[in-house]
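Taking my numbering, the leading residue of the sequence shown gets 153, the next gets one more, and so forth.
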Amino acid sequence: MVLRCSKNSFLVESDEGERVMCEIKGKILKASQGFYNPLAPGDRVVFEVTSPDGRGRILELLPRSTVFTRFNQKGDAPQVIAANIDLLCCVTTAEEPPFRPRFIDRVLVQAEIAHVPAAIILNKTDQELRDQGVLLDMEERLSDFVRIGYPVFRVSALSGAGLEELTRHWQGKRVLLVGQSGVGKSSLINALGASPPLKVGALSAKYQRGSHTTTMAQMILCTYGGHSFWVLDTPGIRRLTIDGITSREVALYFKEFAPLVGQCSYGLSCSHRFEVGCKILEALDAGYIHEDRYESFQSIVQELTERSSYENL
Numbered sequence: 153m154v155l156r157c158s159k160n161s162f163l164v165e166s167d168e169g170e171r172v173m174c175e176i177k178g179k180i181l182k183a184s185q186g187f188y189n190p191l192a193p194g195d196r197v198v199f200e201v202t203s204p205d206g207r208g209r210i211l212e213l214l215p216r217s218t219v220f221t222r223f224n225q226k227g228d229a230p231q232v233i234a235a236n237i238d239l240l241c242c243v244t245t246a247e248e249p250p251f252r253p254r255f256i257d258r259v260l261v262q263a264e265i266a267h268v269p270a271a272i273i274l275n276k277t278d279q280e281l282r283d284q285g286v287l288l289d290m291e292e293r294l295s296d297f298v299r300i301g302y303p304v305f306r307v308s309a310l311s312g313a314g315l316e317e318l319t320r321h322w323q324g325k326r327v328l329l330v331g332q333s334g335v336g337k338s339s340l341i342n343a344l345g346a347s348p349p350l351k352v353g354a355l356s357a358k359y360q361r362g363s364h365t366t367t368m369a370q371m372i373l374c375t376y377g378g379h380s381f382w383v384l385d386t387p388g389i390r391r392l393t394i395d396g397i398t399s400r401e402v403a404l405y406f407k408e409f410a411p412l413v414g415q416c417s418y419g420l421s422c423s424h425r426f427e428v429g430c431k432i433l434e435a436l437d438a439g440y441i442h443e444d445r446y447e448s449f450q451s452i453v454q455e456l457t458e459r460s461s462y463e464n465l
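Take a look at the structure:
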């Protein structure tokens, strides 16, 4: 399994637990064509040791069960963040940095596209939230996430609160952590027994966001409370661009929208914006769909529509 990637260097662990630094034969793997990067943490590969110092060469990329992607910085190709993962957890905080539910919505949509089960981790629960209005808004959104089928785990990497319950759900799994800078992904992994400990950065008081202390994604084996699991730490994300679907398909990847798709008066042609007989708008009016989730949906639809128009120029 690939544990870490850096340009054309890949740290690979064999089935026997031996770790070998490898490069790719010819730098291109047939199964990775169409992606910005040839390999990602979690990939299963065939490799051979090629030098007396123990370095190796990757010969083949084995089929992937799941692929979680995002657009690369240039926005011109999908970049594989992780492969063969069992669970995605979006890590967030209440206040430092601020709770951003629409970012969470985007992560959950991308998880649905990848067919990866997802959950939400509220970290830093040891910190007292000063603004009660913010607290009420956050609790309302977290309750809605639970209602539509996304578990929410409340933990503190500092005090250890909630970690036992969290790791019971992680036993034997490969877990991808995704979140904005400063939410404490690396601190959480350290609390779960990462060795050596990961570097942890401070939060910017001016911008209320963290610095990128994790510079590359890496797979880490953790054992906590008798539970063993792999955790994939990733660099903080400030904005997640949705990849792999068209604007017409977005509703299929919002859990509470999906059962209603095709039932509108205008069928699959419905834009879910103003049409009479739109089942999604009716569900919104009835309170089954949260207003903020609907706004997230429309934001993603608009973004994909504009991107498609630009690409077709």
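Ideal Cβ positions, reconstructed from N, Cα and C, are used throughout, including at glycine.
Everything numeric in this text was worked out from a predicted model, so none of it was measured.
Identified DSSP bridge partners for residue i
i: SER161; result: SER158
Inter-residue spacing [alpha-carbon to alpha-carbon] between residue i and residue j
i: GLY419; j: ALA270; result: 29 Å
i: THR375; j: ALA234; result: 21 Å
i: LEU294; j: ALA346; result: 28 Å
i: HIS364; j: PRO387; result: Residue placement at HIS364 is poorly supported in this model, since its pLDDT is 42, which falls under 50; the coordinates still yield a value, given next. Going from the Cα of HIS364 to the Cα of PRO387 covers about 6 Å.
i: LEU288; j: PHE251; result: 12 Å
i: LEU211; j: PHE162; result: 12 Å
i: CYS305; j: SER380; result: As written in the sequence, residue 305 is Phe, which differs from the Cys given in the question. For PHE305 and SER380, the distance between alpha carbons rounds to 18 Å.
i: ARG171; j: VAL154; result: 9 Å
i: TYR405; j: GLY331; result: 19 Å
i: GLU105; j: CYS174; result: Here the chain has residues from 153 to 465 only, and residue 105 is not among them.
i: ASP278; j: ASP296; result: 23 Å
i: VAL164; j: THR221; result: 20 Å
i: PRO470; j: TRP322; result: Coverage of the chain is limited to positions 153 through 465, which leaves residue 470 absent and any answer about it impossible.
i: ARG156; j: ASP444; result: 36 Å
i: LYS276; j: VAL335; result: 8 Å
i: ALA266; j: SER203; result: 37 Å
i: ILE389; j: SER333; result: 6 Å
i: SER421; j: ALA343; result: 49 Å
i: LEU456; j: PHE187; result: 19 Å
Reduced DSSP category for residue i - H, G, I as helix; E, B as strand; rest coil
i: GLY396; result: coil
i: TYR418; result: coil
i: GLU280; result: coil
i: VAL270; result: What sits at residue 270 in the sequence shown is Ala, not Val. Of the three classes helix, strand and coil, the one that applies to ALA270 here is strand, per DSSP.
i: ASP205; result: coil
i: ASP289; result: helix
i: ILE300; result: coil
i: ASN189; result: coil
i: PRO215; result: coil
i: GLU168; result: coil
i: ASP195; result: coil
i: ASN275; result: strand
i: LEU350; result: coil
i: VAL335; result: coil
i: LYS358; result: Low confidence applies here, because LYS358 scores a pLDDT of 46, under 50, leaving its location unreliable; read the following figure in that light. Coil, per DSSP.
i: PRO250; result: coil
i: ILE176; result: strand
Residue i classed as buried or exposed, judged by whether at least 16 other C-beta atoms fall within 10 angstroms
i: PHE449; result: buried
i: ASN160; result: exposed
i: VAL259; result: buried
i: GLN262; result: buried
i: MET290; result: buried
i: VAL428; result: exposed
i: ASP257; result: buried
i: VAL298; result: exposed
i: VAL243; result: buried
Residues near residue i by beta carbon distance below 7 Å, same chain, minus five either side
i: LYS431; result: LEU412, GLN415, CYS416
i: GLY194; result: MET153, VAL154, ALA234, ALA235, ASN236, ILE237, ARG326, MET371, LEU384
i: ILE300; result: LYS407, GLU408
i: SER158; result: MET368
i: PHE255; result: GLN332, LEU392
Contact set for residue i: own chain, Cβ-Cβ below 8 Å, skip 5 residues either direction
i: GLU434; result: none
i: ILE341; result: LEU329, LEU350, ILE372, CYS374, VAL383, ASP385
Cβ-based neighbour list, residue i, same chain, cut-off 6 Å, excluding 5 preceding and 5 following
i: ARG400; result: none
i: ILE441; result: GLU408, ALA435
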